[in-house]
Amino acid sequence: MLKRVIPFAHELLQQSVKPGEFVIDATAGNGYDTVMLASLVGPSGHVFSFDIQKQAVDNTVSRLKEQHLEQATVIHDGHEHLEDYLPEEALFNLGGAIFNLGYLPGSDKQVVTIPETTIAAVESILKHLKEERLCVLVVYHGHPGGEEEKNALLQYLSELDQKTYQVLKYQFINQKNNPPFLLAIEKKKTRS
Ligand SMILES: C[S@@+](CC[C@H](N)C(=O)[O-])C[C@H]1O[C@@H](n2cnc3c(N)ncnc32)[C@H](O)[C@@H]1O
């Protein structure tokens, strides 16, 4: 009955993202989320996908090719620089975003997302997100440094103005070994 964290993240984005929109995969990894987002935006939309590891960029490009999806650009740079890559039409016009925090499965476990750059990227995304749209984060935190990133992120998100954002935490509380949990930030509609 209760959805696991990743299927729930995808379900939320299916509700948020519309065909033709610009969206962000902040942590490309093996490309699963980029492919999911590319399918949601369709040929008239575009996914901007970021990763600091060449292997992740290559894996994501291959996965897109396999699926014959062309509506994605995979950028070999940190998500904290995402504003440098957005075209003018995407500014203040994002339909959604996803992060998978932690390390790339099957790769160098030393390369992990870190609090400063994760929070900088979340800030940029929230600035450019449309109203009534979501930024979703899947938080893996069992690795060295994961606890610090989790705490910094929870602190930052818990202080977001509730008039502008509502923030959900979705977590199974009786599982052992630091299972991942989900954070979803909705930018609310401002009343005029
Ligand atoms: C948990 S994995 C992502 C899994 C991926 N979403 C998938 O579907 O396979 C986390 C990724 O974040 C990347 N990463 C770490 N720091 C980053 C940064 N500053 N900007 C972008 N990607 C980063 C890592 O290289 C790693 O590939």
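What the sequence shown shows, in this note's numbering, is residues 97 to 288, in sequence order. Even glycine gets a Cβ: it sits at the ideal position worked out from N, Cα and C. Please read these numbers as outputs of a predicted model, since none were measured by experiment.
| Item | Value |
| --- | --- |
| Is it a yes or a no for the region 254-264 touching the region 202-220, going by three-plus beta-carbon pairs under 8 angstroms? | no |
| Taking the beta carbon of residue 254 as the centre, do at least 16 other beta carbons fall within 10 Å, making it buried, or is it exposed? | exposed |
| Could you check if residue 126 belongs to the surroundings of ligand 1, using beta carbon to heavy atom distance under 7 angstroms? | yes |
| For a test of your reading of the model: does the CB of residue 200 fall under 7 angstroms from any non-hydrogen atom of ligand 1? Yes or no. | yes |
| When we look at the beta-carbon of residue 121 and count the other beta-carbons within 10 Å, is it buried (16 or more) or exposed? | buried |
| If you measure from the CB of residue 147, is any heavy atom of ligand 1 nearer than 7 angstroms? | yes |
| Specify whether the region 184-193 and the region 166-174 touch according to this definition: at least 3 beta carbon pairs, one from each stretch, less than 8 angstroms apart. | no |
| For ligand 1, is there any heavy atom lying closer than 7 angstroms to the beta carbon of residue 176? | yes |
| Straight-line CA distance for residue 209 to residue 161? | 26 angstroms |
| Can you tell me whether residue 267 is helix, strand or coil according to DSSP? | coil |
| If contact is defined by three or more beta carbon pairs under 8 angstroms, each pair taking one atom from either stretch, is the region 199-213 in contact with the region 134-141? | no |
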